[in-house]
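The numbering used here applies: residue 1 is where the sequence shown begins, and numbers increase by one. Don't be surprised by glycine CBs; every beta carbon is placed ideally from N, CA and C. Keep in mind it's a predicted model, so treat the numbers as computed, not measured.
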Amino acid sequence: MTLNELSWSPSEKKVARAAYDKALERALASIMTEFKRRANAATTPSEMWEVEDYLKEQRRDLDRTFDYRYSQLTVVFATLIRQGYLDEDLLSGLSEEKREEIRRMLAWHKG
Numbered sequence: 001m002t003l004n005e006l007s008w009s010p011s012e013k014k015v016a017r018a019a020y021d022k023a024l025e026r027a028l029a030s031i032m033t034e035f036k037r038r039a040n041a042a043t044t045p046s047e048m049w050e051v052e053d054y055l056k057e058q059r060r061d062l063d064r065t066f067d068y069r070y071s072q073l074t075v076v077f078a079t080l081i082r083q084g085y086l087d088e089d090l091l092s093g094l095s096e097e098k099r100e101e102i103r104r105m106l107a108w109h110k111g
């Protein structure tokens with residue numbers, strides 16, 4: 001069975017949405033903290049524009065990382081765990097098959 005063929009039960013969809021939303025909240029909080037730090041430290045126009053560049057880069061990264069298509073969620077969850085935005089514990093409730101796929105991706109990236 002390929003990633004695109006994994007089916008998601010209604011209860012798994014709820015678990016996935018809650019975990020995704022929590023990870024997004026953590027990512028946004030981290031970006032907000034860094035944005036405030038950079039904005040407060042900016043003393044020149046060029047430093048001000050660097051803050052804008054930082055925000056644009058973060059927005060692109062978020063858009064690339066946070067993809068809520070069921071065919072992509074195991075990859076997204078592995079990425080979010082690796083980046084420290086998601087605890088694997090929040091994925092209890094997903095099938096063992098999906099959790100094992102996430103673990104395989106994490107192990108592959110460690111190697």
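Three or more C-beta pairs closer than 8 angstroms, one from the stretch 25-37 and one from the stretch 50-61: is that the case here?
yes
Which of the three DSSP states is assigned to serine 46 in this structure?
helix
Given a cut-off of 9 angstroms, decide if tyrosine 68 and arginine 103 are closer than it, judged by their beta-carbon atoms.
no
Three-state secondary structure assigned by DSSP to leucine 94
In the displayed model, leucine 94 falls within a strand according to three-state DSSP.
Considering just the uninterrupted stretch of the alpha helix (DSSP H) at aspartate 21, what are its terminal residues?
10-41
Within 10 angstroms of its Cβ, does lysine 98 collect 16 or more other Cβ (buried), or is it exposed?
buried
Since methionine 84 and valine 15 are thought to touch, with beta carbons under 8 angstroms apart, how far apart are those beta carbons, to the nearest angstrom?
Note that residue 84 corresponds to glycine in the displayed sequence, not to methionine. Their Cβ separation, rounded to whole angstroms, is 20 angstroms, which puts glycine 84 and valine 15 out of contact at 8 angstroms.
Buried or exposed: which applies to threonine 44, given that a residue is buried once 16 or more other Cβ atoms fall within 10 Å of its Cβ?
exposed
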